[in-house]
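Sequences listed follow chains A and B, in order. Heads up: the first sequence begins at 1 in the numbering used here, then just goes up one per residue. Heads up: the second sequence begins at 1001 in the numbering used here, then just goes up one per residue. The beta carbon of each residue, even a glycine, is placed where N, CA and C say it ideally should be. Just so it is clear, the structure is predicted and the values come from calculations on it, not from any experiment. What follows is a set of notes on a single structure, which appears directly below.
There are 2 protein chains.
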Amino acid sequence: VTHRLPSPGAALVGVDVGGTKVAVLVVSPDGRAIGKAVAPSTTAGGDALIAVIESTVQSALQMAQLPLRDVAMLGVGIPGRVDPDSGHVELALNLNLSGFPLSERLEDRLGRPSVVENDVRAAAFGLHVRGITTPAADLAYLSVGSGIAAGLVLDGHLYRGARGLAGEIGHAIINPGGERCGCGQRGCLEAEASGLAIGRRAEAGVRDGHKTSLRELAGSSISARDVYAAAAQGDPLGLAIADHVGRRLASAVHLLVMTCDVERVFIGGGVSHAGEAFSRPLRSAYETLRSVSVTARELLRPDVIEILSVDAEPGVWGAVAIAAEAWKRLRAEGAPGIDSDGGSRLLAPSK
Amino acid sequence: VTHRLPSPGAALVGVDVGGTKVAVLVVSPDGRAIGKAVAPSTTAGGDALIAVIESTVQSALQMAQLPLRDVAMLGVGIPGRVDPDSGHVELALNLNLSGFPLSERLEDRLGRPSVVENDVRAAAFGLHVRGITTPAADLAYLSVGSGIAAGLVLDGHLYRGARGLAGEIGHAIINPGGERCGCGQRGCLEAEASGLAIGRRAEAGVRDGHKTSLRELAGSSISARDVYAAAAQGDPLGLAIADHVGRRLASAVHLLVMTCDVERVFIGGGVSHAGEAFSRPLRSAYETLRSVSVTARELLRPDVIEILSVDAEPGVWGAVAIAAEAWKRLRAEGAPGIDSDGGSRLLAPSK
């Protein structure tokens, strides 16, 4: 992963809003990271969230020694359904937001234009823009965290789908008759391989009397991190769960290749940061899928899967990438309020 | 389905090459069907296939009372991997073709420019062009014949994928551990629900001693048509297989909606022509998927599935649609050899 953006020509700010933290990245006109800040997120509603974003942006700008007025555009990635045209968050359950005019509210406070996009989709676009693949390439970004979702860049464009739900592969049924999912189906990818599913599986294993070091955690809730730490130590239950997750994620990659013929599936998100304990079973399950026939080896390229390193930070870079795209579009449209030197006095992001 | 194309401005010919037959449709400059012909296909190689296509095109033109010189462009849909830029058929196993310069050879014989596309993909594009959905719509065409494949139109464009394999959903694993597929995996959609799979399932049922009217066909091979005819008469084995296929195809629709957020999945192909015996179990299985929760009902719209009528002829209309698109592009590029009256003296399709 390249740790810079092709020169956007103006300073940009990316904001990655998550359920637990808000991360901000400031990027210079030549595409380098010049400021960063992270703060705890909030579920106390729109006003509270705007306040957190504002103060975190200010911290990052301070580190970058950049005045707010020199920021051309802000990009915000948010876990939920958004309307990129209006800048509204339609529904973000984890953040307790619905029908919230995030872009407008942020502009009121910061006086700079902003764009909003679904976080995973923004991350996929960021991976594309950062020049990891060829310009016309087709890629997926599979985020494996407490939930699972994918973002798709197809024919070099961010693909949103008819209702903005493209890449909701967390609810693709990977294992019919398997674990019950919050959506009501059984065997959804998210119910089988997300961070929450991993924790539940470990707790069930302890309850069922498996001999495991995870038993020490019984009573409190077991996290995916605990499970992979145990797997790394050779714990049988930890290893079994890591294998299970690897098989399910390999199926998801298979599915993305078969339906969308993507060239690359980038894997990120908290669960993917567990190192070898996470990556080995995934790669091994993918190789098993490839091994069944010559056709399978042709259909499934050996280099499809790329597990992102912890410092790839697809979230904030994705938010910066959508800001860069919106900024480019505004300039191309010759929107009023855009200075020729790359600054902006525009208050509304237009479409 | 609209039985015409938005006025292409010139006469076009669509050729749908299948494993068993070659179908040709001639469309007038205002988009109406004015000539048709069908002939048995051939697996005797490229020369033989070119001869069949040529004579079938001539028959259809005769019916249309249109001289060959008035045809602006031919479009050919073919079951296999093609390179639309060069007009080469890279691999069409059912037709015994590989590395065959179909477009060039056809132009040598007919003196008219032509374009080649994968048949299912062309059909998907045809459904889009024929104005069944809004211009920017996202749709899939799921062809259920002896094999299964899908074509995708996303953001209003035919989506081919990184290697021209987008929509190879026949090899998506719908039922892990299920029927062995030719690709080496188990439980691929094609191994569970294609015409060939349906026949195999019926033969296995007879062998296993099921009480069924299909037993009378034992010894000869049982076709999907036989199975649905039996199901329509209330035969228990026929009904069980129809249910099985309905569930698997409903899962495929679910998958297409979850990954690509398509607005509509059009279903065609020989197996889909079995009427109620085919459609009832599919709709019922889809309703079962929808019924599990409010979320499922929101994610899965009630009107996603549209089973095409037998006379929709997505294959030939798709071939005409790709011809229309190529013709439009050539005119826009002001390619030499294009008369302003819509005729063409161009021998190479450019690009």
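(request) Can you pull the chain A residues whose beta carbon is under 7 Å from the beta carbon of proline 1176 of chain B, in chain order? (result) Within the second sequence, numbered from 1, the residue matching residue 1176 of chain B stands at position 176. Here the neighbours are Asn175.
(request) Confirm, please, whether the CB-CB distance from glycine 1126 of chain B to proline 1006 of chain B is below 8 Å. (result) One-based indexing of the second sequence puts residue 1006 of chain B at position 6. One-based indexing of the second sequence puts residue 1126 of chain B at position 126. In this structure, glycine 1126 of chain B does not lie closer than 8 Å to proline 1006 of chain B by Cβ.
(message) Is there a C-beta anywhere in chain A that falls below 8 Å from the one on glutamate 1190 of chain B?
(response) Looking up residue 1190 of chain B in the second sequence gives position 190. Judged by the 8 Å Cβ criterion, glutamate 1190 of chain B is not in contact with chain A.
(request) Please check the pair alanine 1123 of chain B and glycine 1318 of chain B, which I expect to be a contact at CB under 8 Å, by giving their CB distance rounded to whole angstroms. (result) Taking the first residue of the second sequence as position 1, residue 1123 of chain B is located at position 123. Taking the first residue of the second sequence as position 1, residue 1318 of chain B is located at position 318. Between glycine 1318 of chain B and alanine 1123 of chain B the Cβ distance is about 4 Å, and since that is below 8 Å, they are a contact.
(request) With 9 Å as the limit, tell me which residues of the stretch 1152–1168 of chain B have their beta carbon closer than that to any beta carbon of chain A; keep them in chain order. (result) Leu1152, Leu1154, Asp1155, His1157, Tyr1159, Arg1160, Gly1161, Ala1162, Arg1163, Gly1164, Leu1165, Ala1166, Gly1167, Glu1168
(request) Run through the stretch 60–126 of chain A for me and flag every whole alpha helix (DSSP H) of 4 or more residues, listed as ranges in chain order. (result) 102–110
(message) I'd like the span of the beta strand (DSSP E) that includes lysine 36 of chain A, first residue to last.
(response) On the first sequence, residue 36 of chain A is found 36 positions in, with the first residue counted as 1. Taken as a continuous stretch (DSSP letters only), the beta strand (DSSP E) holding lysine 36 of chain A covers 33–40.
(request) Could you tell me which of A:Pro84, A:Gly268, A:Ala37 sits nearest to leucine 308 of chain A, measuring between CA atoms? (result) Along the first sequence, one-based indexing puts residue 308 of chain A at 308. When only C-alpha atoms are compared, the closest one is A:Gly268.
(message) According to DSSP, simplified to helix, strand and coil, what is serine 1143 of chain B?
(response) Within the second sequence, numbered from 1, the residue matching residue 1143 of chain B stands at position 143. Strand.
(request) For the stretch 1261–1275 of chain B, enumerate the residues whose C-beta is nearer than 8 Å to any C-beta of chain A, in chain order. (result) Asp1261, Val1262, Glu1263
(request) Please list, in chain order, all residues of the same chain as alanine 193 of chain A whose beta carbon is under 6 Å from its beta carbon, the five residues on each side excluded. (result) Within the first sequence, the letter at position 193 stands for residue 193 of chain A. Hits under 6 Å: Val245, Arg248, Leu249.
(request) Compare the Cα-Cα distances from tyrosine 228 of chain A to each of A:Ser251, A:Glu263, A:Ser279 and report the closest residue. (result) By one-based count along the first sequence, residue 228 of chain A stands at place 228. Of the listed residues, the one whose Cα sits closest to tyrosine 228 of chain A is A:Ser279.
(request) Tell me whether arginine 180 of chain A is buried or exposed, calling it buried when 16 or more other Cβ atoms sit within 10 Å of its Cβ. (result) Locating residue 180 of chain A in the first sequence gives position 180, counting from the first residue. With fewer than 16 Cβ atoms within 10 Å of its Cβ, arginine 180 of chain A is classed as exposed.
(message) Closest to leucine 300 of chain A by C-alpha separation, out of A:Gly75, A:His254, A:Pro281, would be which residue?
(response) Position 300 of the first sequence holds residue 300 of chain A. Ranking A:Gly75, A:His254, A:Pro281 by Cα distance to leucine 300 of chain A puts A:His254 first.
(message) If we define contact as Cβ-Cβ less than 8 Å, is histidine 171 of chain A a contact residue for chain B?
(response) Taking the first sequence and counting its residues from 1, the one referred to as residue 171 of chain A is at position 171. At least one chain B Cβ lies under 8 Å of histidine 171 of chain A.
(request) Please classify lysine 211 of chain A: does DSSP put it in a helix, a strand, or coil? (result) Translated into the one-based positions of the first sequence, residue 211 of chain A becomes position 211. Looking at lysine 211 of chain A - three-state DSSP - the assignment turns out to be coil, as it is neither helix nor strand.
(message) For alanine 124 of chain A, would you say it is in contact with chain B, using Cβ-to-Cβ distances shorter than 8 Å as the test?
(response) Residue numbering aside, residue 124 of chain A sits at position 124 when the first sequence is read from its first letter. It does not: the Cβ of alanine 124 of chain A has no partner Cβ on chain B nearer than 8 Å.
(request) Give the range of the alpha helix (DSSP H) segment to which glutamate 276 of chain A is assigned. (result) For the purposes of this step, residue 276 of chain A is identified with residue 276 of the first sequence, where counting begins at 1. 276–291 is the extent of the alpha helix (DSSP H) around glutamate 276 of chain A.
(message) Please tell me whether leucine 255 of chain A has its Cβ less than 8 Å away from any Cβ of chain B.
(response) Indexing the first sequence from 1 puts residue 255 of chain A at position 255. Leucine 255 of chain A counts as touching chain B.
(message) Strictly under 8 Å for the Cβ-Cβ distance: is glutamine 58 of chain A near chain B by that measure?
(response) For the purposes of this step, residue 58 of chain A is identified with residue 58 of the first sequence, where counting begins at 1. No, because no Cβ of chain B sits closer than 8 Å to the Cβ of glutamine 58 of chain A.
(message) I'd like to know whether the C-beta atoms of leucine 407 of chain A and aspartate 138 of chain A end up nearer to each other than 8 Å.
(response) Outside the shown range of chain A (1 to 351) lies residue 407 of chain A, about which nothing can therefore be said.
(message) As a quick exercise: from A:Ala64, A:Glu104, A:Val71, A:Ala72, pick the residue whose alpha carbon is nearest that of aspartate 83 of chain A.
(response) Indexing the first sequence from 1 puts residue 83 of chain A at position 83. Selected option, being the one with the closest Cα: A:Glu104.
(message) Could you check whether the Cβ of proline 1006 of chain B sits closer than 8 Å to any Cβ belonging to chain A?
(response) The sequence position of residue 1006 of chain B within the second sequence is 6, counting from 1. Chain A, which has no Cβ nearer than 8 Å to the Cβ of proline 1006 of chain B, makes this no.
(message) In this structure, how does DSSP classify arginine 1225 of chain B when only helix, strand and coil are distinguished?
(response) Reading the second sequence from its first residue, position 225 is the one you call residue 1225 of chain B. Three-state DSSP puts arginine 1225 of chain B in a helix.
(request) Assign glycine 1187 of chain B to one of three DSSP states: helix, strand, or coil. (result) Position 187 of the second sequence, counted from the start, is the residue given in the question as residue 1187 of chain B. Coil, per DSSP.
(message) So valine 1144 of chain B contacts chain A; which residues on that side make the cut at Cβ distance below 7 Å?
(response) Taking the first residue of the second sequence as position 1, residue 1144 of chain B is located at position 144. Simply none; closest approach about 16 Å.
(request) Tell me, please, whether the stretch 103–117 of chain A touches the stretch 39–53 of chain A by the rule of three or more beta-carbon pairs shorter than 8 Å. (result) yes
(request) Could you confirm whether any beta carbon from chain A is found closer than 8 Å to the beta carbon of aspartate 1138 of chain B? (result) The residue you call residue 1138 of chain B lines up with position 138 of the second sequence. Yes - at least one Cβ of chain A is within 8 Å of the one on aspartate 1138 of chain B.
(request) Pair every Cβ in the stretch 1069–1080 of chain B with every Cβ in the stretch 1113–1121 of chain B, then say whether three or more of these pairs are closer than 8 Å. (result) yes
(request) For phenylalanine 1100 of chain B, collect the residues of the same chain with a Cβ closer than 6 Å to its Cβ; drop the 5 residues on either side in sequence, then sort them by chain order. (result) For this step, residue 1100 of chain B is matched to residue 100 along the second sequence. Result list for phenylalanine 1100 of chain B: Gly1046, Val1089, in chain order.
(request) With distances taken Cα to Cα, identify the nearest neighbour of proline 8 of chain A among A:Ala33, A:Lys21, A:Leu165. (result) Translated into positions along the first sequence, residue 8 of chain A becomes position 8. With distances taken between Cα atoms, proline 8 of chain A lies closest to A:Ala33.
(request) Within the stretch 147–196 of chain A, note down every full beta strand (DSSP E) run reaching 3 residues or more, in order along the chain. (result) 148–154, 157–159
(message) With the cut-off set at 8 Å, would you say isoleucine 1305 of chain B and valine 1265 of chain B are in Cβ contact?
(response) Taking the second sequence and counting its residues from 1, one reaches residue 1305 of chain B at position 305. Taking the second sequence and counting its residues from 1, one reaches residue 1265 of chain B at position 265. Yes.
(message) Here's the rule: buried if 16 or more other CB atoms are within 10 angstroms of the residue's CB, otherwise exposed. What is proline 79 of chain A?
(response) As a first step, residue 79 of chain A must be located in the first sequence, where it is residue number 79. Buried, because 16 or more other Cβ atoms sit within 10 Å of the Cβ of proline 79 of chain A.
(request) Note down, in chain order, each residue of its chain lying with its Cβ closer than 6 Å to the Cβ of alanine 1332 of chain B, except the 5 sequence neighbours on either side. (result) In the second sequence, residue 1332 of chain B corresponds to position 332, counting from 1. Excluding residues within five positions, none has a Cβ falling inside 6 Å.
(request) List the residues of chain B whose Cβ lies closer than 8 Å to the Cβ of alanine 296 of chain A, in chain order. (result) The count along the first sequence starts at 1 and reaches residue 296 of chain A at position 296. Near alanine 296 of chain A (Cβ distances below 8 Å), the residues of chain B are Cys1183, Gly1184, Gln1185.
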